[in-house]
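To convert a position in the sequence shown, counted from 1, into this note's numbering, add 4.
For glycine and all other residues, C-beta sits at the position ideal for the given N, C-alpha and C.
A quick note: this is a predicted structure, and the numbers were derived from the prediction, not measured.
Take a look at the structure below.
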Amino acid sequence: YAIDGTLMRDLIRGGLPFLTYGMLGVIYYRLDALLLRGMTNIAVVGWYGAGYRLFDTLVFLPNIVMMAVLYPLMSRYSVSSEASLKVAIEKATNLLLICGLPIAAGMLVAAPNIVGFMYHRAEFAPTVNVLRALAPGVVLLYVNAVWTTALMSVKREKALPLLAGVALVVNLGGNLVLIPRLLGVGAALMTSLTEGVLCGMALALLPHQLLPVGSLRVGARALAASLVMAGVVLALNGLALPLLVLVAGAVYVLAAMVLHTIPRSDLDMLYRAVRRKARGESDAPAALQQGASTMTISLTSPQNGIARQSGAPWVRALFDGSGHALVRWYMTRRPLRTLWSVGELSRKPPGGARRWLAAVVKYLTNSVIAQVPSYTVRHGWYRRMLGWYIGPGATILMGQQIQMAGIRTSGKRVSIGADTVINHGCLLYTTGGLVIGEHVSISSGVWLVTGTHLIDAPDFPAVYRPITIDDYAWIGARATILGGVTIGRGAVVMAGAMVTRDVAPYAVVGGVPARVVATRQLRTPAYALNFHPLLE
Numbered sequence: 005y006a007i008d009g010t011l012m013r014d015l016i017r018g019g020l021p022f023l024t025y026g027m028l029g030v031i032y033y034r035l036d037a038l039l040l041r042g043m044t045n046i047a048v049v050g051w052y053g054a055g056y057r058l059f060d061t062l063v064f065l066p067n068i069v070m071m072a073v074l075y076p077l078m079s080r081y082s083v084s085s086e087a088s089l090k091v092a093i094e095k096a097t098n099l100l101l102i103c104g105l106p107i108a109a110g111m112l113v114a115a116p117n118i119v120g121f122m123y124h125r126a127e128f129a130p131t132v133n134v135l136r137a138l139a140p141g142v143v144l145l146y147v148n149a150v151w152t153t154a155l156m157s158v159k160r161e162k163a164l165p166l167l168a169g170v171a172l173v174v175n176l177g178g179n180l181v182l183i184p185r186l187l188g189v190g191a192a193l194m195t196s197l198t199e200g201v202l203c204g205m206a207l208a209l210l211p212h213q214l215l216p217v218g219s220l221r222v223g224a225r226a227l228a229a230s231l232v233m234a235g236v237v238l239a240l241n242g243l244a245l246p247l248l249v250l251v252a253g254a255v256y257v258l259a260a261m262v263l264h265t266i267p268r269s270d271l272d273m274l275y276r277a278v279r280r281k282a283r284g285e286s287d288a289p290a291a292l293q294q295g296a297s298t299m300t301i302s303l304t305s306p307q308n309g310i311a312r313q314s315g316a317p318w319v320r321a322l323f324d325g326s327g328h329a330l331v332r333w334y335m336t337r338r339p340l341r342t343l344w345s346v347g348e349l350s351r352k353p354p355g356g357a358r359r360w361l362a363a364v365v366k367y368l369t370n371s372v373i374a375q376v377p378s379y380t381v382r383h384g385w386y387r388r389m390l391g392w393y394i395g396p397g398a399t400i401l402m403g404q405q406i407q408m409a410g411i412r413t414s415g416k417r418v419s420i421g422a423d424t425v426i427n428h429g430c431l432l433y434t435t436g437g438l439v440i441g442e443h444v445s446i447s448s449g450v451w452l453v454t455g456t457h458l459i460d461a462p463d464f465p466a467v468y469r470p471i472t473i474d475d476y477a478w479i480g481a482r483a484t485i486l487g488g489v490t491i492g493r494g495a496v497v498m499a500g501a502m503v504t505r506d507v508a509p510y511a512v513v514g515g516v517p518a519r520v521v522a523t524r525q526l527r528t529p530a531y532a533l534n535f536h537p538l539l540e
């Protein structure tokens, strides 16, 4: 054995920045608890520690994603392909934004539920505000993990001690100012602020050609989906936390789908990776790909072999039957009608997956989406998931009850014209087809019922007939229109009327059953409703 002094010196010199960064990082990361203990009392330390424990637990995600998975990849690309390195940085930033933003939003709005579920004691009430102050730090910590790892990949590790040193000074100075005034909440705010300072410095030190500019768009959409989720959580805050988490997760995923939060290229790569796994293939793509996908996804029968290949059972199950159809539908962003036409959702078992999917979508449509105070989310869901046509300037307010057979209402047309208003709490029975013209005003509580039953038939079958409402018609509150009826242009249906037969243009009808009681004098209507109340 021989001692190689030169090699030892080089190793120590090369590792010194990481050692210094690690030591300073531990100090500034734990400094707030020491300062709280010295400047306050044990109760404040307990309140802060109870909130910080959850924050500290959430660090596992960037540790797994960055250090265990992406750091080796970034290191390789830093010497082989700068373009691929930029894509890796952007994809990692996208992933952690998509995960971090809803977590932070959930911490902000569901902090009382979380604290109550974890500790079950009223004495921990001050922990609620501590948890809320730590919430922004979750997102900043996630993003900071990407950018500091990128700095190491491009051999700028000598800047790491500077980052940690500045963070230590900022954290110490801020805590000395805020802890006497805000106690544990002040320490939590400084934790989030320190992570923000680290993010800003890491971004400034990152080479400009590697900046993840595309992540701005993904972050904005993830933030919008998180706000939708937060609104639903606030509305349902009386639920038990486990159920609330499930509902919040489902709402976030659906809102993210509607807003196209996940870039198409990411879905493309995920689809191909899982498909290769399902086929038992071991070869991986040589490099990450950027930009739009050119992959063509077949919408053919199961004879394509995907479900017959070797691989893990859960992978085969994912690509068998309805699961395969769902993945391909979301990947291609095609209307579900395309899959329906080839029977993808009813192969295994026959009709079972289709019925379950229709039931889930119907529940989410009426119990979740209809209560979201966002026209963008509601209209996006009606257009993309239910296949409706909604014209420009149309307004569908909250609280609608959609009665439908199947997601796409058995292929029947649902069309709502421009500048039409459907007010709160209407029942829209769309299975038989529903065509509403432009500038139509539908008041609260209106029922449009396209379905009925044959009462003299032995099997009591359902019968569906379309409803058509022409331009500039006005349907009064709590009126009911039955299937097969056409409401003429400019006609008025009085409040509480039961319409069982066609209404002539510009006629005014009322009563049960509705009869003509007057004629509308306005014959050339040209008004615009333009009704878009906020948060409705």
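Check: Just mark H124 as buried or exposed, buried being the case when its beta carbon has 16 or more other beta carbons within 10 Å.; Outcome: exposed
Check: Counting Cβ pairs closer than 8 angstroms, one from the segment 394-412 and one from the segment 489-502, do we hit at least three?; Outcome: no
Check: Does DSSP put Q525 in a helix, a strand or coil?; Outcome: coil
Check: Give me the DSSP bridge partner(s) of I68.; Outcome: None; I68 has no bridge partner.
Check: Please report the residue range of the beta strand (DSSP E) in which A466 lies.; Outcome: A466 to Y468
Check: In or out: K159 buried (at least 16 other Cβ within 10 Å) or exposed?; Outcome: exposed
Check: Is it buried or exposed, L438, if we count other Cβ atoms within 10 angstroms and call 16 or more buried?; Outcome: buried
Check: Hey, does L274 have any beta-carbon neighbour from chain C nearer than 7 angstroms?; Outcome: Among the protein chains of the structure shown there is no chain C, as only one such chain exists.
Check: Do T198 and V174 count as a contact pair if the criterion is CB distance below 7 angstroms?; Outcome: yes
Check: Tell me, which residues are paired with I485 by DSSP?; Outcome: L452 and V503
Check: Straight-line CA distance for T342 to L361?; Outcome: Because the pLDDT at T342 is just 36, under 50, the model does not fix this residue reliably, and the value given afterwards should be weighed accordingly. Straight-line Cα distance between these residues: approximately 15 angstroms.
Check: Rank L144, Q375 and L431 by C-alpha distance to the C-alpha of L238 and give the top, closest one.; Outcome: Q375
Check: Indicate the three-state DSSP secondary structure (helix, strand or coil) for S378 in the structure shown.; Outcome: coil
Check: Between the C-alpha atoms of R13 and P21, what's the straight-line distance to the nearest angstrom?; Outcome: 14 angstroms
Check: Which partner residues does V513 have in the DSSP bridge list?; Outcome: V497 and V520
Check: Please check the pair V236 and A252, which I expect to be a contact at CB under 8 angstroms, by giving their CB distance rounded to whole angstroms.; Outcome: 7 angstroms
Check: Ignoring anything shorter than 4 residues or poking outside the segment 68-103, list the alpha helix (DSSP H) runs there in chain order.; Outcome: 75-84
Check: Output the boundary residues of the beta strand (DSSP E) element that contains S419.; Outcome: V418 to I420
Check: Please identify the residue among V521, P396, S85 and V489 whose C-alpha is closest to the C-alpha of F535.; Outcome: P396
Check: What does T399 pair with, by DSSP beta-bridge criteria?; Outcome: V425
Check: Tell me which residues share the same chain as Y3 and place their Cβ nearer than 6 angstroms to its Cβ, disregarding the 5 neighbours each side in the sequence.; Outcome: A query on residue 3 cannot be resolved here, the shown segment of the chain reaching from 5 to 540 and no further.
Check: Quick one: give me the first and last residue of the beta strand (DSSP E) that L431 is part of.; Outcome: L431 to Y433
Check: Could you please give me the residues that DSSP links to V439 through a beta bridge?; Outcome: S419 and T472
Check: For P2, is the classification buried or exposed, using 16 other Cβ atoms within 10 angstroms of its Cβ as the cut-off for buried?; Outcome: A question about residue 2 goes unanswered here, because the residues of the chain that appear run from 5 up to 540.
Check: Can you name the start and end residues of the alpha helix (DSSP H) that I46 belongs to?; Outcome: I46 to T61
Check: Is S447 helix, strand or coil when you go by DSSP?; Outcome: coil
Check: Taking G487 and A501 to be in contact with their CB atoms under 8 angstroms, please state how far apart those CB atoms are, rounded to whole angstroms.; Outcome: Actually they are not in contact, since the Cβ atoms of G487 and A501 sit about 16 angstroms apart, beyond 8 angstroms.
Check: Tell me which residues share the same chain as V507 and place their Cβ nearer than 6 angstroms to its Cβ, disregarding the 5 neighbours each side in the sequence.; Outcome: I491, G492, A495 and V513
Check: Rank Y510, L538, D463 and A518 by C-alpha distance to the C-alpha of L526 and give the top, closest one.; Outcome: Y510
Check: Report yes or no: do the segment 71-78 and the segment 32-49 share at least 3 C-beta pairs separated by less than 8 angstroms?; Outcome: no
Check: Could you have a look at Q541 and say whether DSSP puts it in helix, strand or coil?; Outcome: Given that the chain is displayed from residue 5 to residue 540, the structure contains no residue 541 and the question cannot be resolved.
Check: Closer than 7 angstroms by C-beta to A259: which residues in its own chain qualify, once you throw out the five before and the five after it? Chain order, please.; Outcome: A229, V232, M233 and V381
Check: Does the separation of the CB atoms of A163 and L89 fall below 7 angstroms?; Outcome: no
Check: Which residue from A191, L167 and G218 puts its Cα closest to that of M205?; Outcome: L167
Check: From what residue to what residue does the beta strand (DSSP E) around I16 run?; Outcome: Where I16 is concerned, there is no enclosing beta strand (DSSP E), although the alpha helix (DSSP H) it sits in stretches over G9 to M43.
Check: Output needed for G190: all residues of its chain with C-beta closer than 6 angstroms, excluding positions within five of it in sequence on either side, in chain order.; Outcome: L182 and I183
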